[in-house]
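Going from the sequence shown to this note's numbering is simple: count from 1 and add 1416. No residue lacks a Cβ here, since even glycine has one placed at the ideal position from N, Cα and C. None of the values given here were measured: they were computed from a predicted structure. Notes follow once the structure below has been shown.
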Amino acid sequence: MDRHEKKRLRDYIGEHLDVSSTRLTDDEARFLSDFLDEYDETYKGRTETRTTSRVGWSSDGKYTRRETFTDTFTDDVGIRQDYGYQDDDGQSGTSTHVITDARGILNWFRDRT
């Protein structure tokens, strides 16, 4: 890919995602460009939920933690990650994180392949 093509792709990606301080390989730039082209039809509104259960130890002894991870492709280009946990001793918590940067999107897909 020549410099002009890569700059054109980077500008296109930058219209939808934060690319500041992000170095992109040719393959990453092409992947993100394809991702943006397909976003409305393929990704927008899609939700994936994973639930896990594990045993942990605290000063009070053994407990079981049930965790739920929900990833949702938002209306604007991005991924909202919701996390929640419930321990069998009554403890619980939630958090939310939204990915709107190019490197974060690439890492999300890398972690799922």
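Here DSSP, grouped into helix, strand and coil, assigns Thr-1510 to strand.
Per DSSP, Tyr-1459 is not a residue of any beta strand (DSSP E), being assigned neither H nor E.
When the alpha-carbon of Arg-1519 is set against those of Tyr-1459, Glu-1444, Phe-1489 and Arg-1419, the nearest one is in Glu-1444. Distances from the CA of Leu-1452 to each of Gln-1502, Gln-1497 and Val-1493 were compared; the closest alpha carbon is that of Val-1493. Around Ser-1474, the same chain offers no residue with a beta carbon nearer than 7 angstroms, after the five sequence neighbours per side are excluded.
In the DSSP secondary-structure assignment, Tyr-1499 is bridged to Phe-1485 and Ser-1511. Below 8 angstroms, too few C-beta pairs join the segment 1496-1510 and the segment 1422-1439 to call them touching: fewer than three.
DSSP, reduced to helix, strand and coil, places Arg-1528 outside both helices and strands of the structure shown, so it counts as coil.
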